[in-house]
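J.: The opening residue of the sequence shown carries number 1 in UniProt numbering; numbering runs sequentially from there.
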Amino acid sequence: MQQFTLEEKNTVLENPFVHIHRKLDVLLHVGKLLMECGADTNRITEEMLKAATFMGIPHDYLNIHISYTTLMVNLLHKERSITVFRKTPVHIPNMAMINAVSKLTWRAFERHYSLTTYEHLISKLEFTIPAYPNWIKGLACGLGSAGLAFLYSGDWIAFIVTIICSFIGYFTRTLSTRIGCNEYVGISVGAFTAMVSAYAFYTHIELGSLLYVLVCCTLFMIPGVPLINFVIDIINNHILSGVTRAIRTLLIVGSMTLGMAMALYFSPVPAFNFVDIKPHVISLTQIIGAFTAASAFAVLFNAPTRLLGYIGIGGILCVSVRNLLLVDFGFSTPGATFVGAAVMSIIFVKVSTWIKTSSTVIIVPSAIALMPGILLYRFVFDILHINSLNEAGLVHMMQNGITGVLTIIGIAVGVAIPNVLAQKYLKNIKERRIAELMATRHVHDGQ
Numbered sequence: 001m002q003q004f005t006l007e008e009k010n011t012v013l014e015n016p017f018v019h020i021h022r023k024l025d026v027l028l029h030v031g032k033l034l035m036e037c038g039a040d041t042n043r044i045t046e047e048m049l050k051a052a053t054f055m056g057i058p059h060d061y062l063n064i065h066i067s068y069t070t071l072m073v074n075l076l077h078k079e080r081s082i083t084v085f086r087k088t089p090v091h092i093p094n095m096a097m098i099n100a101v102s103k104l105t106w107r108a109f110e111r112h113y114s115l116t117t118y119e120h121l122i123s124k125l126e127f128t129i130p131a132y133p134n135w136i137k138g139l140a141c142g143l144g145s146a147g148l149a150f151l152y153s154g155d156w157i158a159f160i161v162t163i164i165c166s167f168i169g170y171f172t173r174t175l176s177t178r179i180g181c182n183e184y185v186g187i188s189v190g191a192f193t194a195m196v197s198a199y200a201f202y203t204h205i206e207l208g209s210l211l212y213v214l215v216c217c218t219l220f221m222i223p224g225v226p227l228i229n230f231v232i233d234i235i236n237n238h239i240l241s242g243v244t245r246a247i248r249t250l251l252i253v254g255s256m257t258l259g260m261a262m263a264l265y266f267s268p269v270p271a272f273n274f275v276d277i278k279p280h281v282i283s284l285t286q287i288i289g290a291f292t293a294a295s296a297f298a299v300l301f302n303a304p305t306r307l308l309g310y311i312g313i314g315g316i317l318c319v320s321v322r323n324l325l326l327v328d329f330g331f332s333t334p335g336a337t338f339v340g341a342a343v344m345s346i347i348f349v350k351v352s353t354w355i356k357t358s359s360t361v362i363i364v365p366s367a368i369a370l371m372p373g374i375l376l377y378r379f380v381f382d383i384l385h386i387n388s389l390n391e392a393g394l395v396h397m398m399q400n401g402i403t404g405v406l407t408i409i410g411i412a413v414g415v416a417i418p419n420v421l422a423q424k425y426l427k428n429i430k431e432r433r434i435a436e437l438m439a440t441r442h443v444h445d446g447q
């Protein structure tokens, strides 16, 4: 079936000012889908420019400005200038959508879609991309948090109890949002109920490993994707967007920590934030925990089902490399984490071409198994209890904060390392492919 008319192919798609308002609207829609679904600013810009190339708009005419909540596009040519913008108020990671937007634009090049066809398919994406049911997401929260409990040396009882407590916290947060509570209030309520549940198990079951339940039952709330994107934006000079993501991350972590602190305020619980989570031996349980955490949390990011196994393997790869460097070679946590993330991302850039998906969709969820925010939340927890800390506690608090920030930077730079090392090479490959596809646009004219 032919996807275009000759008029659209030869006029609309090759003259930048024909139907220009429709074209700019499509560009904004592409950017909005990507921003709201957790893409970093560099990727959003690249996808918008790729769509502009398809629609015949020279990059020299375009000025794209991206902040966390607003996209703005200006088209300037000689004495003619058009500026449009769109708000992006919702931010929920959705890897399936990021993958679908990229694939749709490439398909538009390959099949020579008309502007009308491309516009129609882009507008349909948000209604056609399948999402996991809420109960599956709740179960994934429990499994992901339990996987981390296993990763930090918990036993099977801690694993099962963590699933239950995280499941309770997830649905309490979801219910709070549905009845109209502020997002940050919902996070605090979810953290409160998860921690109360964990404390109830801890006080009624005399088992030391249940301390890991207190550590891990709320970790599904830590915003790993915004944390990673914040650093990627900063190193790519998208300062405004990066700083905004960082502030939002701190608000989420602060809300979560406040809920936990409220649950434990009157409780004679030991200082669980001092529990050692650094590996001292390499074990099979760490592999199981890494696979479970990465693949389960990928469900929260709406990663396609067919990719969950690959993401779990990616989690095993980066965590195993990190733990090996920590245990056998004496690396620091940030250094080992950086190497683990870098090795995984370099390998998975190639793997993504074999399984025909965007590299971001499998690399970022895999890196979440490294848990970029756990030290940050422990740092905030210590700040809330700073009046009760002695000198050793204050030193430990600062160690958590500094190590946490450096670890987040290590993960983000490691994830971005393929683009950092081979940015020009990858860009040339993309431009060459686009040029080849554009050269076939007139092959079947008149047939």
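Cβ coordinates follow ideal geometry from the N, Cα and C atoms, glycine included.
From a predicted model like this one, the values you see are computed outputs, not experimental measurements.
(1) Using a Cβ-Cβ cutoff of less than 7 angstroms, which residues in the same chain neighbour residue 457 once the five nearest sequence positions on both sides are dropped?
(2) Where do the N-terminal and C-terminal ends of the alpha helix (DSSP H) with T337 fall, by residue?
(3) For C318 and G340, which I take to be in contact (beta-carbon distance under 8 angstroms), what is that distance rounded to the nearest angstrom?
(4) Considering only the beta carbon of each residue, do E110 and L426 sit closer than 8 angstroms?
(5) Buried or exposed, going by whether 16 or more other CB atoms sit within 10 Å of the CB of F85?
(6) In three-state DSSP terms, what is N302?
(7) In whole angstroms, what is the alpha-carbon distance linking R322 and S359?
(8) Can you tell me the Cα-Cα spacing of N236 and H59, whole angstroms?
(9) If I follow the unbroken beta strand (DSSP E) through F85, where does it start and stop?
(10) Quick test of your reading: G315 and A293, contact by CB under 8 angstroms. State the CB separation rounded to the nearest angstrom.
(11) When you compare only the Cα positions, how much space is there between Q2 and Y113?
(12) Can you grab the Cα-Cα spacing for the pair M97 / N42, in whole Å?
(13) Quick one: what's got a C-beta closer than 7 angstroms to V380's C-beta in the same chain, skipping five residues either side?
(14) By the three-class DSSP mapping on this structure, what secondary structure does T177 have?
(15) Can you tell which of V351, E431, H280, L13 has its C-alpha closest to the C-alpha of Y152?
(16) So the candidates are V213, F291, W354, V189; which of them puts its Cα closest to the Cα of A263?
(17) Could you tell me whether the segment 164-181 touches the segment 386-400, where touching means 3 or more Cβ pairs closer than 8 angstroms?
(18) Could you name the residues of the same chain whose beta carbon sits closer than 6 angstroms to that of N74, not counting the 5 residues immediately before and after it, in chain order?
(19) Residues bridged to L75 by DSSP?
(20) To which residues of the same chain is L308 closer than 8 angstroms at the C-beta, ignoring the five residues directly before and after it?
(21) Name the residue from R441, V405, V30, K23 whose alpha carbon lies nearest to the alpha carbon of F230.
(22) To which residues does DSSP link T70 through a beta bridge?
(23) Cutting at 7 angstroms between CB atoms, please list the residues of its own chain near N134, excluding the five before and the five after it.
T.: Reading it off the structure:
(1) Nothing can be reported for residue 457, as the shown portion of the chain is limited to 1 through 447.
(2) 333-354
(3) 4 angstroms
(4) no
(5) exposed
(6) coil
(7) 21 angstroms
(8) 19 angstroms
(9) 80-87
(10) 6 angstroms
(11) Note that Q2 scores a pLDDT of 47, beneath 50, so its modelled location is shaky and nothing firm can be said.
(12) 17 angstroms
(13) V253, G254, T257
(14) helix
(15) H280
(16) V189
(17) no
(18) N63, T83
(19) L62, I82
(20) S295, A298, V299
(21) V405
(22) K87
(23) T174
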